[in-house]
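Novice: Protein chains in written order, with the numbering used here: chain A, 1 to 331; chain B, 1 to 269.
We put the CB at the ideal spot given by N, CA and C, even for glycine.
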């Protein structure tokens, strides 16, 4: 009860119309439609504290969007309990949605044919934002996101990065306590992404706005979120810190060694050896499991037996670990 | 609260207008196109009747009066119910999800964020033109009672058609696309509504009165004002109940809409 966002054993199943291909399939579908049940979310539970910033990741179709849509009140959960900020989102819609902001990276909420500022004015009326709050928020956000130059341009003329920034501001004008971002950096260039990430982080740190976002870009997560929830095939597979994921799954280590001259290294137990670059053997990569091989022993062994010039130890990248989790390789 | 709602309606309308003024000449042209498209049908009937004199006892001006009610009510109706007409598209492109995320009534948002002014001006303009041509030539006494009757009847006709659109929008939640149903039950039935229903086969008459009650949009109201002999075959009560039919149908459609919302499934990404 005490948690800001509390999700308990929530499931959601969609009924998908399954239709055979071609005209015959169309007719058959009309006469006797066949439905298939697709469980988008399976028994998910988690809780989030006020002011937290949580990244939701998972492959396409994992159930991220469905979860966000249930949290924001668009969808009803079939089973389980869902409570946000003291509200049951789908039951107390009108009261609840005034306190949240939602950014869909793929769907703009701006008026396509009108200047950005007109959409903002419309939202001000929709959310009954007091004039003073509106002015304050607008000038602060436009300043932070450097939007002065295109506030009076029609949305249809904006670049994707500009449009995304405008969409983010649109979701924040009414000072929401919680903001959901569904892929807020999709299709935005590197500089634009960085601006958006900085903005999100600042809003979380300074204003204490609770934020949940989904993304496919691991950089988004690494640069903003302390906490990560991974969903795969509708189930939660990881919930913890970004650091923790390395400890739990990132057990592989890599040692890149540069030798004084091309050489042939004798096979070492439980270590995979691979030649890099020109395959002459001047640079080689040693891959092994942290638990099975002591890194200092391996290094000592190499230094003692070979002419080593340089050693570079690398931890696995988060992205690689997550790919493994999706593929079901990690355990 | 009330003034806030009114304010919101104004802001929405202003926004729609602004967007339209982006394409001023196109907007005018589109309205004109709708007007001419609909007027063509009337012109054909006009010349047909010039040759034959009357249709089921109705002369050309009485026919135009019958038509004027149909176009006028549609013109007014489409100012408010465009959002319901296009509801299928709004669901498919995720626009409805956005409405759910805003602290305003869903039907309120659908009604006031969409208005097809091309159709409104085209149909409504034609309705007014036909009314002006015919109203003085069909022997109606435009006294206070008849004017009041006319206003309530127009409102009832608007609600009847609005209820049909609302019902189809609610069905959309289950079927995702109801354009063919709209074509079948609304537009096809509407084609009969331009004529005195007494000239049709009994089955069509039953449809027009009890299934898709276009008869209450224009035939019975016109009968109240014109008193043609073919009214004898219908209950006299029907002359007076258009506003009630409108309100009852709309409330029923609204109930079904409210109930259906529970089954709304977002379109997904």
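#1: According to DSSP, is residue 331(A) helix, strand or coil?
#2: Closer than 7 Å, CB to CB, is residue 16(B) near chain A or not?
#3: Who are the neighbours of residue 101(B) on chain A, taking C-beta pairs under 8 Å?
#4: Please check the pair residue 184(A) and residue 99(A), which I expect to be a contact at CB under 8 Å, by giving their CB distance rounded to whole angstroms.
#5: Taking the CB atoms as reference points, tell me whether residue 126(A) and residue 102(B) lie closer together than 7 Å.
#6: Determine, using beta-carbon pairs with one atom in the segment 209-227 of chain B and one in the segment 150-164 of chain B, whether at least three such pairs fall under 8 Å.
#7: Taking the straight line between their C-alpha atoms, what separation do you get for residue 239(B) and residue 228(B)?
#8: Would you list the residues sitting across from residue 288(A) in a DSSP beta bridge?
#9: Across which residues does DSSP place residue 58(B) in a beta bridge pair?
#10: Run down chain B in chain order and give the residues with a C-beta less than 7 Å from the C-beta of residue 120(A).
#11: Below 8 Å on the Cβ atoms is my contact criterion, and I expect residue 54(A) with residue 225(A) to pass it. Report the Cβ-Cβ distance as a whole number of Å.
#12: Does the Cβ of residue 31(B) have 16 or more other Cβ atoms within 10 Å, making it buried, or fewer, making it exposed?
#13: Residue 103(A) and residue 5(A) - do their beta-carbons sit closer together than 7 Å?
#14: Using DSSP's beta-bridge definition, name the partner residues of residue 414(A).
#15: With DSSP run on the structure shown, which of helix, strand or coil describes residue 258(B)?
#16: Do residue 97(B) and residue 266(B) have their CB atoms nearer than 7 Å?
#17: Does the beta-carbon distance from residue 245(B) to residue 216(B) come in below 7 Å?
#18: Checking 7 Å against the spacing of the C-beta atoms, do residue 270(B) and residue 49(B) come in under that value?
#19: Count the other CB atoms, across all protein chains shown, that sit within 10 Å of the CB of residue 57(A); report buried if there are 16 or more and exposed otherwise.
#20: Check the Cβ of residue 127(A) against every Cβ in chain B and list those closer than 7 Å, keeping chain order.
#21: Could you give the distance in angstroms between the alpha-carbon of residue 32(A) and the alpha-carbon of residue 191(B)?
#22: Which residue wins for smallest C-alpha separation from residue 93(B), given the options 108(A), 17(A) and 152(A)?
#23: When burial is assigned at 16 or more other CB atoms within 10 Å of the CB, is residue 17(B) buried or exposed?
#24: Which residues in the same chain have their Cβ closer than 6 Å to the Cβ of residue 153(B), if we skip the five residues on either side of it in sequence?
#25: Could you give the distance in angstroms between the alpha-carbon of residue 172(B) and the alpha-carbon of residue 65(A)?
#26: Label residue 203(B) either buried or exposed according to how many other C-beta atoms from any shown protein chain fall within 10 Å of its C-beta, with 16 as the threshold for buried.
#27: Exposed or buried, which one is residue 49(A) when buried takes at least 16 other CB atoms within 10 Å?
#28: State yes or no: is the C-beta of residue 72(A) within less than 7 Å of the C-beta of residue 213(A)?
#29: Can you name, in chain order, every residue of its own chain whose Cβ lies under 6 Å from the Cβ of residue 122(B), other than the five neighbours on each side?
#30: Apart from the five residues on each side of it in sequence, which residues of its chain come closer than 6 Å, Cβ to Cβ, to residue 63(A)?
#31: With DSSP collapsed to three states, give me the class of residue 27(A).
#32: Could you name the residues of chain B that residue 113(A) contacts, counting a contact when the two beta carbons are closer than 9 Å?
#33: Considering only their Cβ atoms, is the gap separating residue 105(A) from residue 220(A) smaller than 7 Å?
#34: Any C-beta of chain B sitting closer than 7 Å to the C-beta of residue 107(A)?
#35: For residue 94(A), which residues in chain B fall below 7 Å Cβ to Cβ?
#36: Using only CA atoms, which one of 235(B), 130(B), 175(B) and 21(B) lies nearest to residue 43(B)?
Specialist: Once the coordinates are examined:
#1: Because residue 331(A) carries a pLDDT of 49, less than 50, the predicted location of this residue cannot be relied on, and the following value inherits that uncertainty. Here residue 331(A) sits in coil by DSSP.
#2: no
#3: 72, 73, 74, 97, 100 and 102
#4: That belief does not hold up - the Cβ atoms of residue 184(A) and residue 99(A) are roughly 19 Å apart, past 8 Å.
#5: yes
#6: yes
#7: 12 Å
#8: 253(A)
#9: 55(B)
#10: Near residue 120(A) there are no residues of chain B at all, since even the closest Cβ is about 11 Å away, more than 7 Å.
#11: 6 Å
#12: Around the Cβ of residue 31(B), a 10 Å sphere holds 16 or more other Cβ atoms; the residue is buried.
#13: no
#14: Only positions 1 to 331 of chain A appear in the structure, and residue 414(A) is not among them; the question remains open.
#15: DSSP places residue 258(B) in the helix class (H, G or I) of the three-state scheme.
#16: Yes, the Cβ-Cβ distance between residue 97(B) and residue 266(B) is below 7 Å.
#17: yes
#18: In the structure as shown, chain B begins at 1 and stops at 269. Residue 270(B) is therefore absent and cannot be evaluated.
#19: buried
#20: By Cβ distance, chain B contributes 103.
#21: 32 Å
#22: 108(A)
#23: exposed
#24: 221 and 242
#25: Their Cα atoms are separated by approximately 22 Å.
#26: exposed
#27: Looking at its Cβ environment, which holds fewer than 16 other Cβ atoms inside 10 Å, residue 49(A) is exposed.
#28: Contact flag unset, no.
#29: 31, 34 and 35
#30: 40, 41, 231 and 234
#31: helix
#32: 18, 19, 20, 22 and 23
#33: no
#34: yes
#35: 103
#36: It is 130(B) whose Cα lies nearest to the Cα of residue 43(B).
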